[in-house]
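Working notes, beginning with the structure itself.
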């Protein structure tokens, strides 16, 4: 399996004399490596799966706006940085689903999976959690 996903984040903090706005956007391609156990059944086969994943961050950009409102003046600093995103991230993936056998060679499946990447040594800032709903056809 191979997944492409886009992630967008926005964070706002308002303090007594400072306001912080943070926007981040990045895209990644992730490949889960899973073990799957399918419960024995003829027509409907529930299954569980778990394993690891590796994510390659295709691109990423972030902007940090810091606004100080001291002494009756407003000063805004803008910091744009693309180094907040590591190129590779490792993570875990687990979930389950149901496979519906149509013919001995064909089946339809529904899958729910939780994915979580860990912050890397390059960047302690970002980890990504996602919940994926997938359907497919085996032939």
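In the working numbering, the protein residues as written are 150 to 288. Don't be surprised by glycine CBs; every beta carbon is placed ideally from N, CA and C.
Contact between the stretch 187 to 203 and the stretch 212 to 220 is absent, with fewer than three C-beta pairs closer than 8 Å. The three-state reading of DSSP puts residue 265 in strand, counting E and B together. Residue 268 is positioned such that its CB atom lies closer than 7 Å to that of residue 276.
When DSSP reads this structure, residue 284 sits in a beta bridge with 259. Under the Cβ criterion (8 Å, minimum of three pairs), the stretch 252 to 263 does not count as touching the stretch 201 to 214. Non-local C-beta neighbours of residue 158 in its own chain, meaning closer than 6 Å and more than five positions away in sequence, comprise 173, ordered along the chain.
Pairing residue 242 with residue 200 gives a Cβ-Cβ distance under 7 Å.
Each residue's CA atom was taken as its position, placing residue 150 and residue 187 some 18 Å apart.
Take residue 287, set aside five residues on each side of it, and the residues of its chain with a beta-carbon closer than 7 Å to its own are 255, 256, 258, in chain order.
Distances from the CA of residue 283 to each of 266, 261, 156 were compared; the closest alpha carbon is that of 261.
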